[in-house]
Amino acid sequence: MVQFLQQVISGVSIGCVYALIALGFVLIYKATETVNFAIGELMMIGAFLGFTFIVIWSLPLWLAAIIAISATALLAAMLERVFLRPMVGEPAFAILVVTIGLGFCLRAAALMVPEWSSETVRIFTPLSGSVVRLGPIVISADHAAVIVATALIVTGFFVFFKRTRMGLAMQAVSQSQLAATYMGVRTRSVSTLAWLLAGAITAVAGLLLAPIAFIHVNMGVLGLKAIPAAIIGGFSSLPGAIVGGILLGVCESLAGFYLPAGFSEVAAYILVLVVLTIRPEGLFGETIHKRV
Amino acid sequence: MRYVLRTSYRQDTRLFKEGLPQYGWYLVWLALALVAPLFLGVHLVSQLTFILIFAIAGIGYQILLGYTGLLSLGQAAFLAIGAYACVFLEKQGLHFALALPAAALLTGVVGAVLGLPALRLKGLYLAMATMAIGFIVEEVAARWTFVTGGNSGASVPRIEAFGYVLSRDVPFYFLCLALCIASLWFAANILRSPTGRAMAAVRDSDIAAQSIGVEVAQVKTKAFALSAFFTGIAGALMAHKLSFISPEQFTLHLSIELLLMILIGGIGSLRGVVFGAAFLVAMPELIAEIERMLPGGSQPALRPMAFGLLLVLVMLFEPRGINGLVEKITGYFRLMPLYRKGMFARQRGFAKSERW
Chain E
489 MVQFLQQVIS GVSIGCVYAL IALGFVLIYK ATETVNFAIG ELMMIGAFLG FTFIVIWSLP
549 LWLAAIIAIS ATALLAAMLE RVFLRPMVGE PAFAILVVTI GLGFCLRAAA LMVPEWSSET
609 VRIFTPLSGS VVRLGPIVIS ADHAAVIVAT ALIVTGFFVF FKRTRMGLAM QAVSQSQLAA
669 TYMGVRTRSV STLAWLLAGA ITAVAGLLLA PIAFIHVNMG VLGLKAIPAA IIGGFSSLPG
729 AIVGGILLGV CESLAGFYLP AGFSEVAAYI LVLVVLTIRP EGLFGETIHK RV
Chain W
693 MRYVLRTSYR QDTRLFKEGL PQYGWYLVWL ALALVAPLFL GVHLVSQLTF ILIFAIAGIG
753 YQILLGYTGL LSLGQAAFLA IGAYACVFLE KQGLHFALAL PAAALLTGVV GAVLGLPALR
813 LKGLYLAMAT MAIGFIVEEV AARWTFVTGG NSGASVPRIE AFGYVLSRDV PFYFLCLALC
873 IASLWFAANI LRSPTGRAMA AVRDSDIAAQ SIGVEVAQVK TKAFALSAFF TGIAGALMAH
933 KLSFISPEQF TLHLSIELLL MILIGGIGSL RGVVFGAAFL VAMPELIAEI ERMLPGGSQP
993 ALRPMAFGLL LVLVMLFEPR GINGLVEKIT GYFRLMPLYR KGMFARQRGF AKSERW
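Chains E and W, in that order, give the protein sequences.
Under my numbering, the first residue of the first sequence is numbered 489, with each subsequent residue one higher.
Under my numbering, the first residue of the second sequence is numbered 693, with each subsequent residue one higher.
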């Protein structure tokens, strides 16, 4: 039982990282209907920027984190302005392909930095090594930090969407772009803002992942798991993305422990296939009707 | 802008819409392909073989994506199933001439079955489901060692016929050429049949297609089965060309490469598939050439960078790919004195939102 809980907790903490990436993914999807396959690469860039500032330039942790997060956010916003803006009105599939291409470009850019491409690295924080005890369960402090940070960010987003003007504008755009435009919402700045926020969240995810897993140039593949997470949660639902991510992390962790080797690698994909077959709109999704 | 100048209604159902000149051009290409091994070295012939194999895989993808509008990110899985099935059957003693169609049919059946969840899914959900299938097949290929040889891979037996061992160079090139032409011909004929028309209708609007009596589910299943069938042939041929197969050849990356091939070649055109395949094979060679010229030696970033930039630039500036360019150029010359500025300007189609 203790072992089981232990696995669940470690699954939750990795699931929180998935959840954050999925959150960024859903944020962009809701505001702009863009399916962003480059999200994993954004996370990778965020993690490596953090690594550069913390380990190579040895800046203080909080300063490094702020710079890395804002740099990634700006990068994401720039991508939206330069590459995605001209694609407005094109079929969704074409936009998806553009983001796949952008993902490749970001990975190539990371490969060009010699300090990044050569090694798999890990960021050590003051928390590394210490543990938190909850009765018989032992959690490493880094894992606990991931869970706490995710909870804080999610609360922050909840407040942002419910209480602020910009958050309400984003919600309006996500419900109907046309109606929001008529009501005077500046749709364009909303979509840039969505990318900015998504960039920031994925950078946070990357930074949180860095102490508990190795970071390397190809870690963007991990971001691909955010898409199943988003789908399980219902794709257009922000709380759904969180639940989906955590569920995914737990399933993976349990599959890795109880099932034969190989299952943990594909657990995410088996889960998403099951969800898509039984309940294609996801756990929290609204049913989508389409006008011909 | 219409590229095909229609002068009769029959033209729409012809195999080659532009009539005689098109036959002429294709015959010239065929003749070139037939004499190519006389002039080219072993390496170039084997590159040509890869172009033909990728073209066959591309036909399958084009039917699914370009004609039925179903985005699959799991084509590598079909390649893998075709390859492993063919090799396994041959190792059980079946001759290649039987193992190839058997493997292709098996892949087609698997495609139809995997297409079942796809009947309810659209767009991104479908892309995700097929991507998931791709990952699962890759993992199965790595773990089911009895059939696949696992991560250490499987060697592919040589093809024997009438006491001769078929070389993997020139004779295999002709085998691929024959199969590629047969596949192109078969696909072109399917696409001008009612099935092909139904596919195009489903692509343009599945609800509208349904309302005029197209069985959407049936058409989608057919598209998946056909796509998997062609991709299975390509997989089996690929296994024989490479002479060794292992799971890491059939990753998501390969699926995305195939997607790139379709997009750069020209979506919605069988001719575009061949252009795309030629591009896909030529690009790594070109990059290797550039690397040789650069002082620093091998540049691992060059390939993904070229890949990514090309994907983005093609989607931004020439969404119909090489085939679109070719059509514009030939169209310009055909309309020579009548060409007006802006004739080929892109019409901005504002896609309707998926939600409302």
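Glycine included, every Cβ here is placed at the ideal spot set by N, Cα and C.
Quantities reported herein were computed from a predicted structural model and do not represent experimental measurements.
Secondary structure within the stretch 811-881 of chain W: the alpha helix (DSSP H) runs of 4 or more consecutive residues, fully enclosed, are 815-835 and 837-840 (chain order). Between W:Val973 and W:Gln739, the gap from beta carbon to beta carbon is short of 8 Å.
By the Cβ test, the stretch 904-913 of chain W is not in contact with the stretch 726-742 of chain W, since fewer than three Cβ pairs between them sit closer than 8 Å. Interface flag for W:Arg835 against chain E is set, since a Cβ pair is found closer than 8 Å. The Cβ-Cβ distance between W:Ala920 and W:Gly752 falls below 8 Å. Using a Cβ-Cβ cut-off of 8 Å, W:Pro996 is close to Phe592, Cys593, Arg595, Ala596 and Leu599 of chain E, given in chain order. Using a 10 angstroms sphere on the CB of E:Ile544, the tally of other CB atoms stays under 16, which defines it as exposed. Counting every other CB atom within 10 Å of its CB across the protein chains shown gives W:Ala980 a total below 16, marking it as exposed.
In the structure shown, the three-state DSSP call for W:Leu765 is coil. Contact of E:Glu753 with chain W is assigned, a C-beta pair being separated by under 8 Å. Apart from sequence neighbours up to five positions away, the residues of its chain that approach W:Val829 with a beta-carbon distance below 6 Å are Ala769 and Ala772, ordered along the chain. The DSSP-derived three-state label of E:Ser605 is helix.
Using a C-beta cut-off of 8 Å, the stretch 960-977 of chain W makes no contact with the stretch 806-822 of chain W, since fewer than three inter-stretch Cβ pairs fall below that distance.
Assignment of W:Arg963 by DSSP, reduced to helix, strand and coil, places it in the helix class. For the C-beta of W:Arg812, the chain E residues within less than 7 Å are, from N- to C-terminus, Pro768. By the Cβ-count criterion, W:Glu940 is exposed, with fewer than 16 other Cβ atoms from all chains shown falling within 10 Å of its own Cβ. Counting only the Cα atoms, E:Thr560 lies some 6 Å from E:Gly534. Residue state for E:Arg767 is assigned as coil, using DSSP reduced to three classes. The contact set of E:Val678 on chain W, defined by CB atoms closer than 9 Å, is empty, because the minimum CB distance reaches about 15 Å. Within chain E, no C-beta atom comes less than 9 Å from the C-beta of W:Ala804; the nearest is roughly 16 Å away. Chain-order list of chain E residues neighbouring W:Val1004: Phe571, Val586, Gly589, Leu590 and Cys593, by C-beta distance under 8 Å. Taking E:Val496 as the centre and dropping the five residues before and after it, the same chain places the C-beta of Val738, Ser741 and Leu742 closer than 8 Å to its C-beta, in chain order. The continuous alpha helix (DSSP H) containing W:Ser738 extends over residues Val734 to Tyr753. Distance between W:Val720 and W:Phe854, taken at the CA atoms: about 32 Å. Listed in chain order, the positions of the stretch 831-860 of chain W with a beta carbon within less than 9 Å of a beta carbon of chain E are Glu831, Val832, Ala834 and Arg835. Boundaries for E:Ile734: no beta strand (DSSP E) harbours it, while the alpha helix (DSSP H) harbouring it runs Leu726 to Tyr746, taken from the DSSP string. A straight-line Cα-Cα distance of about 37 Å links W:Ile882 and E:Ala718.
Taking each of W:Glu949, W:Pro992, W:Leu1008 and W:Met1007 in turn and checking the Cα distance to E:Met600, the smallest one comes out for W:Pro992.
Around the beta carbon of E:Asp630, a 10 Å sphere encloses 16 or more other beta carbons of the protein chains shown; the residue is thus reported as buried. If you check the CB distance, E:Phe649 and E:Gln665 do not come in under 8 Å. E:Val634 sits close to E:Ser501, with the two beta carbons spaced by under 8 Å.
Interface with chain W (8 Å Cβ-Cβ cutoff): E:Gly732 is excluded. In its chain, beyond the 5 residues on either side, Ala519, Ala657, Met658 and Val661 have a beta carbon closer than 7 Å to the beta carbon of E:Val678. Rounded to the nearest angstrom, the gap between the Cα atoms of W:Gln784 and W:Phe916 is 28 Å.
Closest in alpha carbon position to E:Gly589, among W:Glu949, W:Glu852 and W:Pro793, is W:Glu949. For E:Pro574, the C-beta contacts it makes with chain W under 7 Å involve Leu1008, in order along the chain.
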